[in-house]
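Engineer: As you go down the protein sequences, you meet chains C and P in turn.
Residue numbers 94 to 181, in the working numbering, belong to the letters of the first sequence in order.
Residue numbers 11 to 130, in the working numbering, belong to the letters of the second sequence in order.
Submitted below is the structure of interest, expressed as C-alpha cells.
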Amino acid sequence: MDTFFLTISLILSFLALICLYRAIFGPTVVDRVIGVGVVGTKTLIILLLIGFLYKRMDMFVDISLVYAILNFIGVLIFSKYFVRKGVL
Amino acid sequence: MSLLTVSDIIVMAFISVGVFFLAAGTIGFLRFPDFYTRMHATGKCDTLGIFLSCTGIALYTLHDGLSLANILVSLKIMFIAVFWSLGGPTATHALLKSAFKAGILPWTKDGRSVIEWPPK
C-alpha cells in the first residue's frame, strides 16, 4: 500500500507543478488566483498521503484541515478585494 | 508484495477515481480558452476529486482496528471532505461574481459579446 500512496503523491505533485504554469503566466490576475487555489487543493491530498507514509496521521490531518480553511478564506479575501478595487 | 484485501482494493479504487477527477480538472484548467471556462473545470472536478480521495483515505485509516483515535482521525478527514464540498463551490461562486462585476467578458467563438457591458 505504501508504494501506491507514494505513486499517487508523485502524480499529484506533477499535477500541481503543471498548474503552476497558469499561476505564473496566467493572462489575468484572476487566473493566478485560481491557479494558487488549485495547487492548494492538491497539496491537501498530498499532506494526507504523507501522513500515511510517515505513520503520523494524527498530526498531518490537522495540518491538512488548516490548509483547507486557509485556502478557502484566501480565495474569499481575493474576491472581496477585486469587487472593491476593480480588477487589473 | 503482500496480499491485497478487499478493503485495500476499495480504498485504491476511491483514491484512483479521485485522482482521475483532479487530473481532468487540471487538464481543463490548462487547455480552456477563458477565465470562466477554466473556473468551470476546476470548480467541479476539484470538489468531487477531493471528496472521493478523502473518503478513500478515511476508510484506510480505519484498517488498523476500530480504536477511538482511529475513528477520531477518520471523522476529521471526513470533515475536511464535507467542508471542502461546501466551501469549494462557495469560493468559486464568489470569485466568479467579483470577476463579472469587475468587467471581464465571457469568451465566445466569433468574438462577439453575448451581453452588454457595462449595463445601461
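Each residue gets a CB set at the ideal place from its N, CA and C atoms; glycine is no exception.
Predicted, not measured: the structure shown is a model, and the values here were computed from it.
Among Gly121/P, Asp120/P and Ile114/P, which residue has its Cα nearest to the Cα of Phe45/P?
Structural biologist: Ile114/P
Engineer: According to DSSP, is Ile125/P part of a helix, a strand, or is it coil?
Structural biologist: coil
Engineer: Is the Cβ-Cβ distance between Phe153/C and Leu163/C less than 8 Å?
Structural biologist: no
Engineer: Please work out which residues of its chain come closer than 7 Å, Cβ to Cβ, to Gly119/C, disregarding the five sequence neighbours upstream and downstream, and give them in chain order.
Structural biologist: Arg125 and Gly128
Engineer: Sorted by chain position, which residues of the same chain lie with C-beta nearer than 6 Å to Ala109/C's C-beta, five sequence neighbours on each side aside?
Structural biologist: Val132 and Lys135
Engineer: Using only the alpha-carbon positions, how far apart do Ile111/C and Ser157/C sit?
Structural biologist: 21 Å
Engineer: Look at the alpha carbon of Phe89/P and the alpha carbon of Ile60/P, and state the distance between them as a whole number of angstroms.
Structural biologist: 12 Å
Engineer: From what residue to what residue does the alpha helix (DSSP H) around Thr52/P run?
Structural biologist: Here the alpha helix (DSSP H) through Thr52/P covers Phe45 to Thr71.
Engineer: Taking the alpha-carbon positions, what's the Gly28/P to Leu62/P distance?
Structural biologist: Gly28/P and Leu62/P have their C-alpha atoms roughly 5 Å apart.
Engineer: Please report the residue range of the alpha helix (DSSP H) in which Arg125/C lies.
Structural biologist: Val122 to Leu146
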